[in-house]
Amino acid sequence: MDARLFYLMGPSGSGKDSLLRLCRQRLADSPLVVAHRYITRPPESGGENHVALTTSEFLKRKTLGLFAMTWQANGHHYGVGIEIDRWLDLGCSVLVNGSRANFDAARDRYGDRIVPILITVNPVELRRRLLERRRECPEAIEWRLNRSADLADLMPEDTKIVDNNDELETAFGHLKTILTVCNAGTEKAEANGF
């Protein structure tokens, strides 16, 4: 079986960055590679550990074919580097922080290798988190809440769900189980005890 591309999705404030950080820390010895996104946003903007690019740098890399996937959201360009294809070819499964809007294009590119994972949070908890981080104005928070309301219903049937309403450790445990079970059977996973 081929290595997997785990495609993590969820609304802003759902805890994706925290879960990715835990995966980097605690699964460092597994054959899973957590990809960094390339974003036209300053590195000190908070949240995600990403590679910051200017718009011209981003567009140059896109023109040169250096991204496996790209999209625009919230006034920024986002990309995942073409290096993930090499990692997959080497038998390493890859975890990416993906875009809900770009999922169909990712599935077209990676087919059966892709495993969609949705991080869910109830609206009350999501509102609390968005207010607490103080990155968005009230109108932007309402827009984000409305956008995430029916998200689970719009996902493909094979989407794995991780509930992140409570303790981060609980959500991480569930995510780790998904990564392990869906990765079972790959040569590298078996050789490395993943």
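Residues 1037 to 1230 in the numbering used here are what the sequence shown lists, from first letter to last.
The C-beta atom is built at its ideal place from N, Cα and C for all residues, glycine as well.
The structure displayed is predicted, hence computed values, not measured ones.
Asked                                                                                                                                                                       : Found
Report the option in 1161, 1157 and 1105 whose CA atom is closest to the CA atom of residue 1146.                                                                           : 1105
Which residues does DSSP pair with residue 1201 in a beta bridge?                                                                                                           : In the DSSP output, where bridge partners are listed per residue, residue 1201 has none listed.
Quick one: residues in its chain with C-beta nearer than 6 Å to the C-beta of residue 1041, no 5 flanking neighbours on either side, listed in chain order?                 : 1130, 1146, 1149 and 1150
Here's the rule: buried if 16 or more other CB atoms are within 10 angstroms of the residue's CB, otherwise exposed. What is residue 1064?                                  : exposed
Considering only C-alpha positions, which residue in the set 1175, 1172 and 1156 is nearest to residue 1195?                                                                : 1156
Can you tell me which of the three DSSP states residue 1160 falls into?                                                                                                     : helix
With a threshold of 8 Å on Cβ separation, who are the neighbours of residue 1228 within its own chain once the five nearest residues in sequence on each side are excluded? : Any reading at residue 1228 needs caution, since the residue's pLDDT is 44, under 50, leaving its predicted position unreliable; the model's value is listed next. Result list for residue 1228: 1065, 1066 and 1067, in chain order.
State the CB to CB distance for the pair residue 1044 and residue 1133, rounded to an integer number of angstroms; the pair is presumed to be in contact (CB under 8 Å).    : 5 Å
Quick check for students: name the residue ranges of the beta strand (DSSP E) that lie wholly in the stretch 1077-1113, counting only runs of 3 or more.                    : 1103-1109
If we call anything under 7 Å between Cβ atoms a contact, is residue 1086 one with residue 1097?                                                                            : no
Please classify residue 1047: does DSSP put it in a helix, a strand, or coil?                                                                                               : coil
With DSSP run on the structure shown, which of helix, strand or coil describes residue 1133?                                                                                : strand
Please classify residue 1217: is it buried, with 16 or more other beta-carbons within 10 angstroms of its beta-carbon, or exposed?                                          : exposed
Pull up the DSSP beta-bridge partners for residue 1042, would you.                                                                                                          : 1131 and 1151
Where does residue 1073 fall in DSSP's three states?                                                                                                                        : strand
Over what stretch of residues does the alpha helix (DSSP H) that includes residue 1119 continue unbroken?                                                                   : 1119-1125
Pick from 1180, 1204, 1114 and 1144: whose alpha carbon is nearest that of residue 1078?                                                                                    : 1114
Where do the ends of the alpha helix (DSSP H) carrying residue 1059 lie?                                                                                                    : 1052-1062
Determine the direct distance from the alpha carbon of residue 1189 to that of residue 1109, and round the result to whole angstroms.                                       : 21 Å
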